[in-house]
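A quick write-up on the structure given underneath.
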Amino acid sequence: MSVQNNNLKYLQSHSSIVSLLDFICQQYPDQVALVLEEQQLTYGELYQRAEHLYQYLTAKNWLTSNSLIGLCIEPSFEMVIAIYAVLKAGAAFVPLDPDLPRQRLSYMIVDAKLNTVLTQQKFAFDIEPALRQSGIDGNICFLDTPSVWQESTLPLVTPQLVEAEQLAYIIYTSGSTGVPKGVMLTHQGLLNLALASCSTFEIKPGLRLLQFASISFDAAIWEVVTALCGGATLVLGAREQMLPGKPLANFIARQKINWAMLPPSVLSTLTQFRDQLPYLQTVVVGGEACPTSLAKAWVSPLLGKINTILNKTCPASLAQSWISPHTRFFNAYGPTEITVCCTIYEFQPQDINLPIGYALPNVELYILDEELKLCNRGEKGELYVGGVGVAKGYLHKPDITNVSFIDNPFGLGKIYKTGDIVYEDPDHLGLLHYAGRTDNQVKIRGKRIELEAIEMVLAQHPGVQANTVKAIKTVQIETSNIPGNYGISMLVAYIVPKTGEFLTDKHLQRFAAEQLPDYMVPARFIFIDELPLLPNRSKVDRNALPELPQTPYFIANTIDNAVKIAAIFDQALQLPTGSCTPDTNFFHIGGNSLCIAHVLYAIDRDFSVSLPSRLIYEYPTPSDLAKLLEKYKLKINNIADEQQIDLQVEAKLSPQLNTSVWQQTPQNKYDCALITGATGFLGAHLLHELLQKGKYQKIYCIVRAESDTVAMTKLLATFVKYQLPTAELSQVYAIAGDIEQPQLQLPSVVFDKLGEEVDQIYHVAADTNYIKPYSAIKKPNVNGTANIIALAAHHRHKTLHYLSTLAVYGSLTSLLGINEVTEDFDIDISAPIMSVECGYIRSKWVAERMVKTAREQGLAVSIYRPGFISGHRQTGFANLNDTFYRFIRGCIQMGMYPDWPEKYWTPVPVDYVAALIASVSLDPKRTGGNYNIVVPRENEISNVEIFEFIHELGYPLQKISPKNWLNALSTLTPVNSLYPLTSFFQEKVYQNRSTILEVHHRTLILKVDDTLNAIKDYGIQCPTIDRALIYKYMPSFVADTSTEAIKVHTPFIEVP
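Just so we're aligned: 373 in UniProt numbering is position 373 of the sequence shown, and the numbers increase by one with no gaps anywhere.
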């Protein structure tokens, strides 16, 4: 069978997709092209911004004709503008998914030889390391930085005419060898697709099209060109708004979407909301086989609406509009290698089954047998596709290209071997039906997967003797309560371990996730003695592989919430009853955004609790979710969904604060001071320096204690502990109080007295626990600061010296692409990335923001931001519970450390910090500044250099990859100093895949100009964090560690 739908006149008006886009922008300059939330961009503005970006990149020589440009970006105006600008230059864009493992990203960057990547600052953490790992000295352009969009005075460059055969984009697919393949698609194919789509779907100005797919999949490209080449409006949304089920339905309804292209598994979750989507006129499914029942559900009359109409008087036209199918339903088919789509079919209510359709214009279809002879109508054969949409092949892979793209034996050019079995409808000429595959390629969640690619990765594990992977359709569960439930495929790996090896699901999943996209990581692992083979022993007999275990993993005498939620997991994932236990991780057994919709629906149904979807990522096991539900039921406010707390709101000052006193100039004489945190490591040393350098008549110390006497006893004990002179404490008055409470929990007469007497306040006290959530640490760090600010406004203006931390900058380098900051950097810029930080750091950000607000309202305040407070340079005394010390000590105990060459711990000796703060605070001309208290980068050795030196001292230490070091934390025992921080270091805080140390693997360069200028006046020498100082600290680094913990370790075997 052969079908040729050739209509080259179709393409003659425009030579490339750029020509068509330019034409549309000129035709409809005032029509809305893009919508994102409340923002919109007209076609005229789209053209101007694309032209600007083209000129900007061309001027830097980052964008040239026929170059390949990486594109790592979330749905946004910048995404569409970047595509347009790259195409305008005659270059090709290469989508890069930031969710891919870094090793895979690096491979794609190397394979495509990408010298330029266009991205957003939030993906700097993903792209920069991948680019470095690739070894390419490339350029990264952050499209969300203002400098990119500033007007240029350089002469304009006229774009060259783009030819039809030039590459438009390269998209990577999974390869059977385990190595991704870059498919090269042309302008001609993309233009043909756009014109065919606009004609078939009747796209025109005024229609609103949904942009659903990730840019790393070719469906997204189809959505973009279909909307823009028809003059319609493309509506973009955030990832959480695209979650299947109610979130997506709400978005489509709110945005009045007219056209949507979705995988059938996603569309099925919208069926129950169909009567809420009256504007949705056209639905296109693709990416995976679509059940005929789903198509019928979308083209059949809306019975609920009909019943309503029958019971009420209404115009006949309105009744007819609901009785008649209001949605056009299209089934699209096409491999990536033929420019997204090559056949399409509009389903009709009377149809019995759902074909894959007729050929698009200028597409040639051939159904051939094994000898490449044409099959008869109705006879099954393999589909080969020719025509203008066929790719040029696989980038830098001529051998594989020659296998899949063969000379057309019936005409000109190449035809692509799809591997799909199809047949022509006996009654309808040119209509094709899908009948299966010739190989082991499968579709999971709408994504094409070569099973051999997964097998190749698993085979690299040193404990795996043999393996095979199978896609299994999970058991159908008959329930009308879970929407769109027609079966979900999941990947199951069958593993033959090497003799003597003990492997676990968790270990192998983690290994696979390091190298494969999440949708290619097997959901289940079955361990067997040998793989069954076909009779000729040539291949694995997948049909003979054992079934999934049907026996429940546990027996429970009572049914509690965790067990109920485990049953919900079984239903959502369509697994045999009892497959999930209370400790089963939803994502480790195949959970995805589609299944989340089912879980949320069932929890709302069974527990009457409506959870935000993001909580499933934070509470992935039934046990975790059960505890969370109890908190919801008890209305506990400190649920760990705290990352969503608005820190800007938290930082607002009390409206009852009397700020009028701040309009008066504070006194420059310093007779009386008050200090908090004096029983702490830094506070005690600062008090000592103030007593040495100041001329105070009196210093008050607020200490949490039962009485003033006990408070003084605590203060004396602290000075003795750190070998500080106690004789000088004669000027010090310890007061039992609590900074967390209003008026510091002091009697009014005492609080009034402090309000009158105190000239300066040193607020050092803070809870520095990295494990506590924000809700638990808010009282001491946020409320405490608010109460100190209130004291600064009580009766008269007092100068405040506030101890912040360098951590308030957040992970600027990794997440926002900011590599250097001055002391006047606006921490408001860090607000959006504070969600990845622990409760302590977020509380300090809020507290410093409060202090800044008070400064804006007139308070005289200096802000000091030290790094990790390290030991005294003379005595060597240190806070052994400090995270820096725990990390160094714990790594010595482990005998290994992570290879983070760009991480700097920013330690700073306590005596330097205390002397600096005391000197600056006693100088009135320095009041009101911001001071980064850290040594210049050139004066500090890095994380790796610290451990290299310790190794030279004779301690057995091995440098290993960060992922292996993080995995090794799971083996720690309580004797190790890092044991209390294991969960903190292993928790995925960024996009559910990167830990806090991975996010902070590259340290910000911190400018210290104001600090260094200040200390010149006081004769203070800035320290150097060098080998000599590390040697001084060694007793602290090995303190409290047993001989057992410091013994010589067996070298750690790196997992590749």
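Glycine residues also receive a C-beta, built at the ideal position from the N, C-alpha and C atoms.
Every value quoted in this text rests on a predicted model; they were computed, and no experiment measured them.
Whether isoleucine 699 touches isoleucine 735 by CB criterion (8 Å): For this step, residue 699 is matched to residue 699 along the sequence shown. For this step, residue 735 is matched to residue 735 along the sequence shown. It is not a contact, given that the beta carbons lie outside the stated cut-off.
Assigned exposure category for glutamate 478 - 16 Cβ within 10 Å defines buried: On the sequence shown, position 478 is the one that residue 478 refers to. With a pLDDT of 33 at glutamate 478, under the threshold of 50, the modelled position of this residue cannot be trusted; read the value that follows with caution. Flag for glutamate 478 reads exposed.
Distance between beta carbons of asparagine 66 and glycine 90, contact taken as under 8 Å: For the purposes of this step, residue 90 is identified with residue 90 of the sequence shown, where counting begins at 1. For the purposes of this step, residue 66 is identified with residue 66 of the sequence shown, where counting begins at 1. That pair is a contact at about 6 Å.
Cysteine 580 CB to nearest heavy atom of the ligand NAP below 7 Å: Among the components modelled here there is no ligand, and therefore nothing to report on the ligand NAP.
Every unbroken beta strand (DSSP E) within the region 5 to 60, with a cutoff of 3 residues, ordered by chain: 32 to 36, 39 to 42
Close Cβ partners of threonine 973 (< 7 Å) along its chain, the five nearest in sequence each way excluded: In the sequence shown, counting from the first residue as 1, residue 973 sits at position 973. Cβ neighbours of threonine 973 beyond the five flanking positions: Tyr979.
Cβ pair leucine 806, arginine 865 closer than 8 Å: As a first step, residue 806 is located in the sequence shown; it is residue number 806 there, counting from the start. As a first step, residue 865 is located in the sequence shown; it is residue number 865 there, counting from the start. In this structure, leucine 806 sits near arginine 865, with a CB-CB distance shorter than 8 Å.
For isoleucine 589 and phenylalanine 527, the rounded distance between their alpha carbons: For this step, residue 527 is matched to residue 527 along the sequence shown. For this step, residue 589 is matched to residue 589 along the sequence shown. Phenylalanine 527 and isoleucine 589 have their C-alpha atoms spaced approximately 15 Å apart.
For glutamine 648 and arginine 239, the rounded distance between their alpha carbons: Stepping through the sequence shown from its first residue, residue 239 is reached at position 239. Stepping through the sequence shown from its first residue, residue 648 is reached at position 648. Just so you know, the alpha carbons of arginine 239 and glutamine 648 end up roughly 24 Å apart.
Closest Cα partner of glycine 928 within the set Leu800, Ser216, Glu37, Thr584: Translated into positions along the sequence shown, residue 928 becomes position 928. Of Leu800, Ser216, Glu37, Thr584, the residue nearest in Cα terms is Leu800.
Cβ-Cβ distance between glycine 755 and glutamine 745 below 8 Å: Residue 755 sits at position 755 when you count from the first residue of the sequence shown. Residue 745 sits at position 745 when you count from the first residue of the sequence shown. It is not a contact, given that the beta carbons lie outside the stated cut-off.
Of the listed residues Ala85, Thr709, Val496, nearest to valine 732 (C-alpha basis): Against the sequence shown, residue 732 aligns to sequence position 732. The shortest Cα separation from valine 732 among Ala85, Thr709, Val496 belongs to Thr709.
Stretch pair the region 444 to 457 + the region 408 to 424: three plus CB contacts closer than 8 Å: no
Rounded Cβ spacing between glutamine 211 and leucine 234 (contact assumed at less than 8 Å): On the sequence shown, residue 211 is found 211 positions in, with the first residue counted as 1. On the sequence shown, residue 234 is found 234 positions in, with the first residue counted as 1. Correct: roughly 5 Å between the Cβ atoms.
For threonine 726 and alanine 1014, the rounded distance between their alpha carbons: Working through the sequence shown from its first residue, we reach residue 1014 at position 1014. Working through the sequence shown from its first residue, we reach residue 726 at position 726. Distance between the alpha carbons of alanine 1014 and threonine 726 is about 29 Å.
C-alpha gap between leucine 715 and asparagine 879, whole angstroms: In the sequence shown, residue 715 corresponds to position 715, counting from 1. In the sequence shown, residue 879 corresponds to position 879, counting from 1. The straight-line gap from Cα to Cα measures roughly 16 Å.
Range of the contiguous alpha helix (DSSP H) that encloses asparagine 787: Start at 1 with the first residue of the sequence shown, and residue 787 comes out as number 787. Its alpha helix (DSSP H) spans residues 784 to 792.
Coarse secondary structure for arginine 509, derived from DSSP in three states: Residue 509 sits at position 509 when you count from the first residue of the sequence shown. Note that residue 509 is glutamine in the sequence shown here, rather than arginine. Note: glutamine 509 maps to helix in three-state DSSP.
Nearest to methionine 894 (by Cα), restricted to the options Pro924, Ser814, Ile960, Ile789: Counting from one through the sequence shown, the residue named residue 894 turns up at place 894. It is Ile960 whose Cα lies nearest to the Cα of methionine 894.
Opposing strand residues paired with glutamine 760 [DSSP bridges]: On the sequence shown, position 760 is the one that residue 760 refers to. Looking at the DSSP assignment, glutamine 760 forms a beta bridge with Ala673, Thr799.
Boundaries of the beta strand (DSSP E) in which arginine 889 is found, first to last residue: For the purposes of this step, residue 889 is identified with residue 889 of the sequence shown, where counting begins at 1. Where arginine 889 is concerned, there is no enclosing beta strand (DSSP E), although the alpha helix (DSSP H) it sits in stretches over 883 to 894.
Valine 284 vs phenylalanine 330 beta-carbon contact at 8 Å: As a first step, residue 284 is located in the sequence shown; it is residue number 284 there, counting from the start. As a first step, residue 330 is located in the sequence shown; it is residue number 330 there, counting from the start. Yes, they are a contact pair.
Classification of glutamine 441 by the beta-carbon crowding that lies within 10 angstroms, buried from 16 upward: Indexing the sequence shown from 1 puts residue 441 at position 441. Buried, by the Cβ-count rule.
Span separating the alpha-carbon of cysteine 198 from that of tyrosine 172: For the purposes of this step, residue 198 is identified with residue 198 of the sequence shown, where counting begins at 1. For the purposes of this step, residue 172 is identified with residue 172 of the sequence shown, where counting begins at 1. In a straight line, the C-alpha of cysteine 198 is about 26 Å away from that of tyrosine 172.
8 Å Cβ shell around arginine 102 - same chain, five flanking residues per side excluded: As a working mapping, residue 102 is identified with position 102 in the sequence shown. Short of 8 Å from the beta carbon of arginine 102, and not among the five residues preceding or following it, lie these beta carbons of its own chain, in chain order: Asp126, Pro129, Ala130, Gln133.
Same chain only: Cβ atoms within 6 Å of arginine 889, ignoring 5 sequence neighbours per side: As a position in the sequence shown, residue 889 is number 889, starting the count at 1. The answer, listed in chain order, is Ser977, Phe1037.
Per-residue DSSP class, three states only, for residue 1058: Here the chain covers residues 1 to 1056 and nothing more, so residue 1058 does not appear.
For phenylalanine 586 and alanine 556, the rounded distance between their alpha carbons: Residue mapping note: residue 556 aligns to position 556 of the sequence shown, counting from 1. Residue mapping note: residue 586 aligns to position 586 of the sequence shown, counting from 1. In this prediction, alanine 556 has a pLDDT of 32, which is less than 50 and means its spatial position is unreliable; nothing more can be read from the coordinates.
Local conformation of histidine 428 per DSSP, three classes: By one-based count along the sequence shown, residue 428 stands at place 428. Three-state result, histidine 428: coil.
Segment contact, 8 Å Cβ cut-off, at least three pairs: the region 840 to 860 with the region 647 to 661: They touch, by the three-pair rule.
Option nearest leucine 154 by Cα separation, candidates Thr119, Lys122, Tyr670, Tyr56: Along the sequence shown, read from residue 1 onward, the residue named residue 154 stands at position 154. Relative to the Cα of leucine 154, the nearest Cα in the group Thr119, Lys122, Tyr670, Tyr56 belongs to Tyr56.
Residue interval of the beta strand (DSSP E) (run including cysteine 290): As a working note, residue 290 is residue 290 in the sequence shown. No beta strand (DSSP E) contains cysteine 290, which DSSP labels as neither H nor E.
Exposure of lysine 778, with buried meaning 16 or more beta-carbon neighbours within 10 Å: Counting from one through the sequence shown, the residue named residue 778 turns up at place 778. Answer is buried; the Cβ neighbour count reaches 16.
Cβ shell of serine 921 (< 6 Å), same chain only, five flanking positions each side left out: Here residue 921 refers to the residue found at position 921 when the sequence shown is read from its first residue. Excluding positions up to five away in sequence, the list reads His801.
Per DSSP, the bridge partner or partners of histidine 433: By one-based count along the sequence shown, residue 433 stands at place 433. DSSP output for histidine 433 lists Tyr423 as bridge partner(s).
Any 3 or more C-beta pairs closer than 8 Å across the region 775 to 792 and the region 824 to 844: yes
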